[in-house]
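In the numbering used here, the protein residues as written are 12 to 160. We put the CB at the ideal spot given by N, CA and C, even for glycine.
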C-alpha cells in the first residue's frame, strides 16, 4: 500500500506513525519508503529522517536500510538551516551503518547549514548519535563519545 502523500498527508503519516512505530516498525518503514517516491519538502526532511532513522535503525536494527532511505530523500537538497537536522540524522545512520565517508559528508553538511551555530550543531549531532546508540542497546559505546563532561 502506497500512502497518499499529498499536501499535509506526509505530516499526518509522520505524526500517526510515531503512535505505533515501536510495535509495527516494518509497516512504518514500508510507508516511509513509499512516501520517499515523491519529493519531500525541505521542511519535512528533518521529521521524516528522525522517524525513519529511529524506526529502521534503532527498532528494526537495519542501519544500512535507514542510510539508503536517508540518502534517497536528501539527494538533490542543498544543506540549509531548514534541512540541517536531516543532515544530522543521515550522519547518525551513516556512522552506525559503517559508512564513514557519508558520515563525514553529512557532518560537514550539517555544520555548513548551521553556519554561525557551529558548536551547537556539533553537540546536537553527538546527542543524536548517543541517543541512537542507547536506543540500539549499545549504551557503553554512547558513554565513550567525546563531549562535555
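Let's test the definition: count the other Cβ atoms within 10 Å of the Cβ of residue i and tell me whether it reaches 16, buried, or not, exposed.
i: residue 96; result: buried
i: residue 157; result: exposed
i: residue 141; result: buried
i: residue 12; result: Note on residue 12: pLDDT 40, under 50, position unreliable in the model; the coordinate value appears next. It counts as exposed.
i: residue 50; result: exposed
i: residue 115; result: exposed
i: residue 36; result: buried
Using DSSP with H/G/I as helix, E/B as strand and the rest coil, what is residue i?
i: residue 36; result: helix
i: residue 160; result: Note that residue 160 scores a pLDDT of 48, beneath 50, so its modelled location is shaky; the value from the coordinates is reported in the next line. Residue 160 falls in the coil class under three-state DSSP.
i: residue 23; result: helix
i: residue 30; result: coil
i: residue 153; result: helix
i: residue 47; result: coil
Which whole-angstrom value describes the C-beta separation of residue i and residue j, a residue pair presumed to lie in contact below a C-beta threshold of 8 Å?
i: residue 100; j: residue 81; result: 6 Å
i: residue 56; j: residue 85; result: 7 Å
i: residue 62; j: residue 32; result: 7 Å
Residue ranges of each beta strand (DSSP E) within the segment 51–125, 3 or longer: Segments of the beta strand (DSSP E) lying fully in the segment 51–125: there are none.
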